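Take a look at the structure set out below.
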Amino acid sequence: MSSTIPPLMHSATGALPERRRITGFSNPTVKFIRSLREKKHRRREQRFLAEGLRLLTDARECGRVPEMLVLAETREPHPLIAALERAVVDAGGDVIETSPDILTKITGKDNPQAVAGVFAEWDTTLDAIDRSSANIWLVAQALRDPGNLGTMLRTGDALGAGGLILIDDCADPFSVEAVRASMGAVFTQKLAQTRWEDFAAWLRRSDKGAPAQLVAASLREAVPYRGAPYAAPCFVLVGNESQGLPEEYEAECDLRVTMPMRGRADSLNAAVAAAVLGYEVLAGLEAAQR
58 MSSTIPPLMH SATGALPERR RITGFSNPTV KFIRSLREKK HRRREQRFLA EGLRLLTDAR
118 ECGRVPEMLV LAETREPHPL IAALERAVVD AGGDVIETSP DILTKITGKD NPQAVAGVFA
178 EWDTTLDAID RSSANIWLVA QALRDPGNLG TMLRTGDALG AGGLILIDDC ADPFSVEAVR
238 ASMGAVFTQK LAQTRWEDFA AWLRRSDKGA PAQLVAASLR EAVPYRGAPY AAPCFVLVGN
298 ESQGLPEEYE AECDLRVTMP MRGRADSLNA AVAAAVLGYE VLAGLEAAQR
């Protein structure tokens with residue numbers, strides 16, 4: 058794959074790369090990093106942008122280090138920034154120092170945090186998922202809102218879920234909005250992107266470990282979500298924010314459950330539904346193990 062990433066600034070002696078200072082808005086590196094806010098450029102480069110010390114620290118602690126680290130020149134010294142910079146340098150990455158104004162241009166935020174990073178995307182195929190590694194997984198079909206997607210990643214982290222599987226045409230999990238909404242969970246959760254047909258076949262394959270249970274919130278021949286017979290590994294499926302799940306997808310589920318709506322609303326936000334159902338599944342699995 059060809060890439061337009063500007064070359065790293067290594068010395069001829071093989072020493073560690075020095076911090077590079079950028080002062081111009083038209084610098085090629087600034088243009089490159091800023092371009093990652095757009096999906097077409099992320100897809101071409103297979104890289105994405107993340108910002109914030111906490112988020113980048115979570116990434117480092119999960120073994121993911123940015124290829125480029127951008128620091129605001131007015132930032133206060135912090136041991137976590139020092140640790141992050143050392144990790145990037147040790148991995149052969151590029152450390153850049155620039156002005157808050159240029160960092161604003163890069164991130165698109167009027168009040169950007171003092172640190173941002175460029176990460177290489179990783180394998181998001183189903184082959185990278187070990188379903189026996191967790192008792193609960195979240196699955197979203199045609200989830201279009203990046204904030205919802207990021208929130209589901211964050212919910213999965215809170216649940217101790219294995220990760221999030223995105224079915225059909227979902228929002229880009231590596232968009233700035235989704236990464237920001239995940240609060241670092243994009244680095245802690247496994248992530249897969251696939252089509253329904255491939256997911257359904259993978260779920261039923263006996264060579265992938267223990268039989269998996271697919272559970273969806275539904276109104277079709279559903280049982281109350283409280284006390285339903287959940288079994289691990291359990292895949293909690295939610296549908297598109299406005300249309301819900303296709304009927305044929307619901308028909309493939311091992312269990313359909315309903316959550317009561319006691320007010321005027323006739324449905325829950327997709328990420329909220331995943332959280333409510335996910336915690337009930339978790340409680341049911343824990344009760345069954347006692």
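Mapping of the sequence shown onto this note's numbering: residues 58 to 347, in sequence order.
We put the CB at the ideal spot given by N, CA and C, even for glycine.
All figures in this text were calculated on a predicted structure; none of them were measured in a lab.
If we call anything under 8 Å between Cβ atoms a contact, is residue i one with residue j?
i      : j      : result
Leu160 : Ala129 : yes
Phe256 : Trp194 : no
Asp202 : Ala242 : no
Arg117 : Ala144 : yes
Arg318 : Ala274 : Note on identity: in this sequence residue 318 is Met, with Arg being the wrong assignment. It is not a contact, given that the beta carbons lie outside the stated cut-off.
Tyr306 : Trp253 : yes
Arg104 : Ala185 : no
Ala197 : Leu221 : yes
Pro230 : Gly174 : no
Leu156 : Gly207 : Just to set this straight, residue 156 is Ser in the shown sequence, not Leu. No. Outside cutoff.
Ala218 : Gly335 : yes
Pro281 : Val314 : yes
Out of the options, state which residue places its alpha-carbon closest to the alpha-carbon of residue i.
i      : options                           : result
Ile224 : Gly301, Pro157 and Thr155         : Gly301
Gly204 : Ala340, Val233 and Asp184         : Val233
Asn326 : Leu200, Ile163, Ala235 and Ile90  : Leu200
Ala331 : Leu342, Ala308 and Asn297         : Asn297
Ala285 : Arg94, Gly341, Glu95 and His98    : Gly341
Ser92  : Val333, His135, Arg347 and Gly165 : Gly165
Glu278 : Glu304, Thr212 and Ile138         : Glu304
Arg76  : Arg121, Ile90, Gly150 and Arg132  : Gly150
Val333 : Asn84, Lys88 and Thr212           : Thr212
Short of 7 Å in beta carbon distance, which residues of its chain neighbour residue i, apart from the five on each side in sequence? Order them along the chain.
i      : result
Val338 : Ile193, Val272, Tyr287, Cys291 and Val293
Asp214 : Ala242, Thr245 and Gln246
Ala345 : none
Glu142 : Leu126 and Val152
Phe82  : Ile159 and Lys162
Glu309 : Ala257 and Leu271
Leu276 : Thr315
Grab me the residues of residue i's own chain with a C-beta within less than 6 Å of its C-beta, minus the 5 sequence neighbours each way, in chain order.
i      : result
Ser59  : Note that Ser59 scores 44 on pLDDT, short of 50, meaning its location in the model is unreliable and no value can be drawn from it.
Gln250 : Thr181 and Leu223
Val295 : Ala197, Ala327, Ala330 and Ala331
Lys96  : Asp229
Cutting at 8 Å between CB atoms, please list the residues of its own chain near residue i, excluding the five before and the five after it.
i      : result
Gln270 : Tyr287, Ala288, Ala289, Pro290, Cys291, Phe292, Asp311 and Leu312
Ala140 : Thr114 and Arg117
Is the CB of residue i under 8 Å away from at least one CB in chain C?
i      : result
Ile224 : Of the protein chains in this structure there is only one, and it is not chain C.
- Query: Any chance the segment 106–114 sits against the segment 153–172, with 3 or more Cβ pairs inside 8 Å?
  - Reply: yes
- Query: Which whole runs of the beta strand (DSSP E) in the segment 254–340 are 3 residues long or more, in chain order?
  - Reply: 270–274, 291–295 and 312–315
- Task: Quick one: which unbroken alpha helix (DSSP H) runs of 4-plus residues sit fully inside the segment 118–163? Chain order, please.
- Result: 136–147
- Entirely enclosed alpha helix (DSSP H) segments - the segment 184–246, minimum 4 residues: 203–216, 233–239 and 242–245
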